[in-house]
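Participant: Below is a structure I'd like to ask you about.
Structural data, given as structure tokens:
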């Protein structure tokens, strides 16, 4: 059995855990997953389909990984790329097209025609405005400095809610769904029973709460998953992770992911409508227990608490219901007051370290953060803070939380 299909089977059967084979640690190989269909396992996956009119690419390779995708594809087929589809505008999915544009120019081929949802160009416009910020947050999230790109290959064509293409005699359906992004596209090739989900499925709990990114849409995401589940796909090619094979498994994975999202949304809305504050909702709303063991619903990238907070933001705005938080004092002023009451920054550090020893890491971080703000030049305080955040990062399972706490430890 080839590596992509083998890993898919091992993950599904529980022989390998998602923590061992994280969907963001790809195999970096190309494997044919159906006749005339190549799957490129990259940081963000690429699906290539050999049609009578040339190659179709669903996603095109990412920033820093475009050359790898190009080389892998050219080891499989020398045919020209006729069409590229962006499933959304995240930079790990859209930057490989430039290498194929260069090839087309050198070989006097038409430039690949790129299609995306109509909201995608606005995402590129926003990225150009916020390049510095995006560079900072991705450095925290992934633990590596990244020069955020300034130049983008905009699509040649956009569509609204759905678009049906005929390419080389094949029907290709593009469907829009707001989920991780507002510009998401999922792709269905009915003659091949091939479903390309983009990041609407990633072999992890849905990335519906990322604390450093813009709004996500869990309810609409679930609706899209249910629609996909009804198609009877035989091969599912995800945005990250490995494909799923077989209609029964695909239906189960999509429907259970939808149920996971719907459960959190229902819990948040019920409590919001009852007048609960965000703090209470975060403590009470948890994923459905019966899905806790599913290999494709593990909190290894995003996590449920972040999804709950994002749902609050979607339906209720940024005010969390605590009047002291509406117009709070500056953090440095609050820290100075707390430090004075405690008997100085050293006392706060002492209490923070005791909390950390007792496993109360959230409390420890808050206490040591006050100590740092009250005594920003104290080397002992800075060292204690670094140790506490490093300890907390080690205990976290989600990549997002671990990345932010590691960044704090190094700060």
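Residue numbers (my numbering): 452 to 862.
Glycine included, C-beta positions come from ideal geometry on N, C-alpha and C.
What residue does the beta strand (DSSP E) around residue 505 start on, and which one ends it?
Facilitator: That run of the beta strand (DSSP E) goes 505-509.
Participant: What residue from 692, 658, 635 has the CA that sits closest to residue 675's CA?
Facilitator: When each option's Cα is compared against that of residue 675, the closest is 635.
Participant: What three-state label does DSSP hand residue 680 in the structure shown?
Facilitator: If DSSP states are grouped into helix, strand and coil, residue 680 belongs with the helices.
Participant: Could you give the first and the last residue of the continuous beta strand (DSSP E) run that contains residue 574?
Facilitator: Element bounds for residue 574: not the beta strand (DSSP E) but the alpha helix (DSSP H), 571-580.
Participant: Taking DSSP's pairing of strands, which residues face residue 501 in a bridge?
Facilitator: Looking at the DSSP assignment, residue 501 forms a beta bridge with 506.
Participant: Is it a yes or a no for the stretch 548-560 touching the stretch 515-524, going by three-plus beta-carbon pairs under 8 Å?
Facilitator: With the cut-off at 8 Å, the stretch 548-560 and the stretch 515-524 touch.
Participant: Do residue 608 and residue 544 count as a contact pair if the criterion is CB distance below 8 Å?
Facilitator: No, these two residues do not count as a Cβ contact at 8 Å.
Participant: Compare the beta carbon distance of residue 625 and residue 610 with 8 Å and say whether it is the shorter of the two.
Facilitator: Result yes, Cβ atoms of residue 625 and residue 610 sit closer than 8 Å.
Participant: Can you find a heavy atom of the ligand GDP that lies under 7 Å from the Cβ of residue 833?
Facilitator: As presented, the structure is devoid of all ligands, the ligand GDP included, so that no description of it is given.
Participant: Using the beta-carbon count (16 or more within 10 Å), is residue 558 buried or exposed?
Facilitator: Counting Cβ neighbours within 10 Å, residue 558 comes out exposed, since fewer than 16 surround it.
Participant: So, under 8 Å CB-CB, residue 848 and residue 833 are touching, yes? Tell me the CB distance rounded to an integer number of Å.
Facilitator: About 27 Å; that fails the 8 Å criterion.
Participant: Can we say the stretch 673-691 touches the stretch 483-499, given the rule of at least three CB pairs closer than 8 Å?
Facilitator: Yes: at least three Cβ pairs fall under 8 Å.
Participant: Quickly, what does DSSP pair residue 518 with across the bridge? List them, please.
Facilitator: Answer is none; residue 518 lacks a bridge partner.
Participant: Going by DSSP, name the residue or residues bridged to residue 629.
Facilitator: DSSP lists no partner for residue 629.
Participant: Is residue 633 closer than 8 Å to residue 673 when the C-beta atoms are compared?
Facilitator: No, the pair does not count as a contact, with Cβ atoms beyond the cut-off.
Participant: Please classify residue 845 as buried or exposed, where buried requires at least 16 neighbouring CB atoms within 10 angstroms.
Facilitator: Answer is exposed; the Cβ neighbour count stays below 16.
Participant: Any beta-carbon of chain C closer than 8 Å to the one on residue 532?
Facilitator: The chain labelled as chain C is not found in the depicted structure, where only one protein chain is given.
Participant: What does the alpha-carbon distance come out to for the pair residue 703 and residue 801?
Facilitator: Approximately 50 Å, taken between the alpha carbons.
Participant: Please state if the CB of residue 530 and the CB of residue 512 are separated by a distance shorter than 8 Å.
Facilitator: Contact: no.
Participant: Could you check whether residue 711 and residue 474 sit closer than 8 Å to each other, using their CB atoms as the reference points?
Facilitator: Taking 8 Å as the Cβ cut-off, residue 474 and residue 711 do not qualify as a contacting pair.
Participant: Could I get the ranges of all uninterrupted beta strand (DSSP E) runs contained in the stretch 798-822, with 3 residues as the minimum, in chain order?
Facilitator: Counting only runs of 3 or more, we get nothing.
Participant: Within 10 angstroms of its Cβ, does residue 492 collect 16 or more other Cβ (buried), or is it exposed?
Facilitator: By the neighbour-count rule (16 or more Cβ atoms within 10 Å), residue 492 is buried.
Participant: Going by C-alpha distance, which of 721, 583, 525, 514 is nearest residue 501?
Facilitator: Here the closest residue by C-alpha is 525.
Participant: Going by C-alpha to C-alpha distance, which of 656, 637, 657 sits closest to residue 648?
Facilitator: Among 656, 637, 657, the Cα nearest to that of residue 648 belongs to 637.
Participant: Please list, in chain order, all residues of the same chain as residue 612 whose beta carbon is under 7 Å from its beta carbon, the five residues on each side excluded.
Facilitator: 627, listed in sequence order.
Participant: Can you check the stretch 708-765 for any beta strand (DSSP E) of at least 3 residues that lies completely inside it and give the ranges in chain order?
Facilitator: As far as the stretch 708-765 is concerned, it has no whole beta strand (DSSP E) run of at least 3 residues.
Participant: Report the rounded CA-to-CA distance for residue 641 versus residue 619, giving the unit in angstroms.
Facilitator: Taking the straight line from one Cα to the other gives about 14 Å.
Participant: Rounded to whole angstroms, how far is the Cβ of residue 864 from the Cβ of residue 752, which I believe are closer than 8 Å?
Facilitator: Given a span of 452 to 862 for the chain in the structure shown, any question on residue 864 remains unanswerable.
Participant: In the DSSP assignment, find the unbroken beta strand (DSSP E) run with residue 536 in it and report its ends.
Facilitator: Run containing residue 536: 532-536, per the beta strand (DSSP E) assignment.
Participant: Rounded to whole angstroms, what's the CA-CA distance from residue 732 to residue 667? Just pull it up for me.
Facilitator: Looking at the two C-alpha atoms, the distance is approximately 18 Å.
Participant: Does the beta-carbon of residue 510 have 16 or more other beta-carbons within 10 angstroms, so that it is buried, or is it exposed?
Facilitator: Its Cβ being crowded by 16 or more others within 10 Å, residue 510 is buried.
Participant: State yes or no: is the C-beta of residue 656 within less than 8 Å of the C-beta of residue 755?
Facilitator: Yes.
Participant: Sorted by chain position, which residues of the same chain lie with C-beta nearer than 7 Å to residue 487's C-beta, five sequence neighbours on each side aside?
Facilitator: 500, 501, listed in sequence order.
Participant: For residue 610, report the span of its beta strand (DSSP E) as first-last.
Facilitator: It spans 608-610 - the beta strand (DSSP E) in which residue 610 sits, taken as one unbroken run.
Participant: Beta strand (DSSP E) containing residue 560: first to last residue?
Facilitator: No beta strand (DSSP E) holds residue 560; DSSP gives it neither H nor E.
Participant: Rounded to the nearest angstrom, what separates residue 804 and residue 818 at their Cα positions?
Facilitator: Taking the straight line from one Cα to the other gives about 9 Å.
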